[in-house]
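Q:
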Amino acid sequence: ENYHVIALEPALGGFSVFEEIKNAVLDYYSHIDLAALRISAKDLDPRKHSEFDLIYSNNVIEHIPDLTSTFSAMNSVLSGKGLMVHACPNYVIPYETHFGIPVLKLFLDYQGVCSVRG
Numbered sequence: 611e612n613y614h615v616i617a618l619e620p621a622l623g624g625f626s627v628f629e630e631i632k633n634a635v636l637d638y639y640s641h642i643d644l645a646a647l648r649i650s651a652k653d654l655d656p657r658k659h660s661e662f663d664l665i666y667s668n669n670v671i672e673h674i675p676d677l678t679s680t681f682s683a684m685n686s687v688l689s690g691k692g693l694m695v696h697a698c699p700n701y702v703i704p705y706e707t708h709f710g711i712p713v714l715k716l717f718l719d720y721q722g723v724c725s726v727r728g
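According to the numbering used here, numbering within the sequence shown proceeds without interruption in unit steps and concludes at 728.
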């Protein structure tokens, strides 16, 4: 409560379904103050967009073409005590949500075979 939430697609020109999903989310949550910027993250400007206390992303950073400019822009709108939290897939971890492949069982089966063989 009492949060002002602003959303944006970090890299414009993605999948067209994202625009439909964004509109559905904004419609569903129309009772709260949720804004969506129509810019890419690298176009964030402290003179236009004020400051953010938290910048959060989940499984999108790896899709941003110009990561250096994007992080620079995000940093420029981060408040003095602000925090950036970015999660991205780790293809070494035995579960890949991008493809819905539960490889943990396969990993454990393989590890069991390796342990038996010593």
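All residues carry an ideal CB built from backbone N, CA and C; glycine is no exception.
If contacts are defined as beta-carbon pairs under 8 Å, then Lys652 and Ser686 qualify, I think. What distance do you get, rounded to the angstrom?
A: Mapped onto the sequence shown, residue 652 falls at position 42. Mapped onto the sequence shown, residue 686 falls at position 76. That belief does not hold up - the Cβ atoms of Lys652 and Ser686 are roughly 10 Å apart, past 8 Å.
Q: Count the other C-beta atoms from every protein chain shown that fall within 10 angstroms of the C-beta of Glu629, then say buried if there are 16 or more, exposed otherwise.
A: Your numbering for residue 629 matches position 19 in the sequence shown. The residue is exposed, with fewer than 16 neighbouring Cβ atoms inside 10 Å.
Q: Assuming Ser679 is part of the alpha helix (DSSP H), what are its boundary residues?
A: Here residue 679 refers to the residue found at position 69 of the sequence shown. Segment 677 to 686, the alpha helix (DSSP H) holding Ser679.
Q: For Pro656, which of Val627, Tyr666, Ser689 has the nearest alpha-carbon?
A: Here residue 656 refers to the residue found at position 46 of the sequence shown. Comparing Cα positions, the closest option is Ser689.
Q: Using DSSP's beta-bridge definition, name the partner residues of Ile642.
A: On the sequence shown, residue 642 is found 32 positions in, with the first residue counted as 1. According to DSSP, which records beta bridges pairwise, Ile642 is partnered with nothing at all.
Q: Starting from Leu636, follow its DSSP beta bridges and name the residues at the other end.
A: Here residue 636 refers to the residue found at position 26 of the sequence shown. Answer by DSSP bridge pairing: none, since Leu636 is not bridged.
Q: Thinking Val615 and Leu644 are a contact (beta carbons under 8 Å), I'd like their distance in whole angstroms, please.
A: Looking up residue 615 in the sequence shown gives position 5. Looking up residue 644 in the sequence shown gives position 34. Rounded, the Cβ-Cβ distance is 5 Å, consistent with contact.
Q: Judging by CA-CA distance, which residue of Ile631, Asn612, Asp676, Asn669 is the nearest neighbour of Ile642?
A: Here residue 642 refers to the residue found at position 32 of the sequence shown. Comparing Cα-Cα distances from Ile642 to each of Ile631, Asn612, Asp676, Asn669, the minimum goes to Asn612.
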